[in-house]
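Undergrad: Read in order, the letters of the sequence shown are residues 1462 to 1580 in this note's numbering.
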Amino acid sequence: MMMSDRIFGIHGAALELRSERMRVIASNIANAATPGYKARDVDFDAGLKAKLAQDTGSPSAPSEPELLYRRNAMPSLDGNTVELGREQIAFAENALAYSATLEFVKGKVNTITRALKGE
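1) In the DSSP assignment, find the unbroken beta strand (DSSP E) run with residue 1538 in it and report its ends.
2) Just checking my contact of residue 1555 with residue 1483 at CB under 8 angstroms: how many whole Å lie between their CB atoms?
3) Measure the alpha-carbon distance for residue 1462 versus residue 1511 and round it to whole angstroms.
4) Okay, do the segment 1524 to 1537 and the segment 1573 to 1580 touch, 3+ Cβ pairs below 8 angstroms being the bar?
5) Give the DSSP bridge partners of residue 1503, in chain order.
6) So, with DSSP's three-state summary, where would you put residue 1508?
7) Spatial neighbours of residue 1552 within its chain, please: C-beta separation below 8 angstroms, excluding the five flanking residues on both sides.
8) Taking the C-alpha atoms as reference points, what is the distance between residue 1492 and residue 1531?
9) Rank 1543, 1558 and 1572 by C-alpha distance to the C-alpha of residue 1494 and give the top, closest one.
Pasting the structure below:
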């Protein structure tokens, strides 16, 4: 276990996963008009469990989060499964969660910095 893992707990892994999920959702949005494109997503809970298992040295832990295909509520004629409104909501929710986790990490860093300065 690395020093940063002991200090930040699961929040470092959460930031990595949120960043990856942001990339995947942004790709979905960018391909909203691409015929045949299949929307993807990251299962955050499963990814976080896998990341924590990997960090503890579990040999069977996957190194990358599993990408899942999204099921769309309204099928399109061109085979594209991106539902733009749904992707925008997922992007906003993920961005908010990323920001909250980042604020927690920043608070932890500020606390450590103040402790080192003797404040």
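All C-beta atoms, glycine included, are put in the ideal place defined by N, C-alpha and C.
TA: Reading off the structure:
1) Counting along the chain, residue 1538 falls outside any beta strand (DSSP E), and DSSP gives it neither H nor E.
2) 6 angstroms
3) Here residue 1462 scores only 47 on pLDDT, less than 50, and its place in the model is too uncertain to base an answer on.
4) no
5) 1528
6) helix
7) 1483, 1486, 1487 and 1490
8) 14 angstroms
9) 1543
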